[in-house]
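**Q** Sharing a structure with you now.
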Amino acid sequence: MINGVGGEIEYGETPEQAMSREFYEETGVHTSPEQWACYCVINRPDKYTVNFLVSIDNNVLIQETLKRKLWEYMKLIIYLTIPLIIYAGLYQCQ
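And the structure:
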């Protein structure tokens, strides 16, 4: 997976810490700095340095997949429960 997440490295941060923070800010998914590794660095002396990091970790994908599955199960439970509550309410009224 190639991602376009990124931003500035704040004072005192390592590139890995910055990537972990930026990834959370832009995607809402928590990662640890240890999950990120330097892929390459492009440096133009006295102008800029760009760090490219990569995470080869299925935990991000697994977490998001589990969240989506859990939400699907919750919706199913809600959809199945509401008619039963309504039916029970109607039955008691008769």
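Counting in this note's numbering, the sequence shown runs from -7 upward without gaps. For glycine and all other residues, C-beta sits at the position ideal for the given N, C-alpha and C. Everything numeric in this text was worked out from a predicted model, so none of it was measured.
Quick one: what's got a C-beta closer than 6 Å to residue 33's C-beta in the same chain, skipping five residues either side?
**A** Counting from one through the sequence shown, the residue named residue 33 turns up at place 41. Only 43 meet the Cβ criterion.
**Q** Alpha carbon to alpha carbon, how far is residue 23 from residue 38? Give it in angstroms, no decimals.
**A** Sequence index remark: in the sequence shown, residue 38 carries index 46 (1-based). Sequence index remark: in the sequence shown, residue 23 carries index 31 (1-based). Near 31 Å, if we compare the C-alpha coordinates of residue 23 and residue 38.
**Q** Have a look at residue 11 and residue 25 and give me their C-alpha separation to the nearest angstrom.
**A** Locating residue 11 in the sequence shown gives position 19, counting from the first residue. Locating residue 25 in the sequence shown gives position 33, counting from the first residue. Residue 11 and residue 25: Cα-Cα distance of roughly 7 Å.
**Q** On the DSSP bridge list, what partners appear for residue 36?
**A** Within the sequence shown, the letter at position 44 stands for residue 36. Answer by DSSP bridge pairing, in chain order: 40.
**Q** In terms of alpha-carbon separation, which member of 28, 63 and 59 lies closest to residue 15?
**A** The count along the sequence shown starts at 1 and reaches residue 15 at position 23. Cα-wise, what sits closest to residue 15 is 28.
**Q** Which residue from 5, 48 and -3 puts its Cα closest to that of residue 18?
**A** Within the sequence shown, the letter at position 26 stands for residue 18. If we check each option's Cα against that of residue 18, -3 comes out closest.
**Q** Taking residue 31 as the reference, give the member of -1, 61, 66 and 8 with the closest Cα.
**A** In the sequence shown, counting from the first residue as 1, residue 31 sits at position 39. Of -1, 61, 66 and 8, the residue nearest in Cα terms is 8.
**Q** I'd like the span of the alpha helix (DSSP H) that includes residue 9, first residue to last.
**A** Taking the sequence shown and counting its residues from 1, the one referred to as residue 9 is at position 17. Residue 9 -> alpha helix (DSSP H) spans 7 to 19.
**Q** Can you tell me whether residue 45 is buried or exposed, with buried defined as 16 or more other CB within 10 angstroms of its CB?
**A** As a position in the sequence shown, residue 45 is number 53, starting the count at 1. So residue 45 ends up on the buried side.
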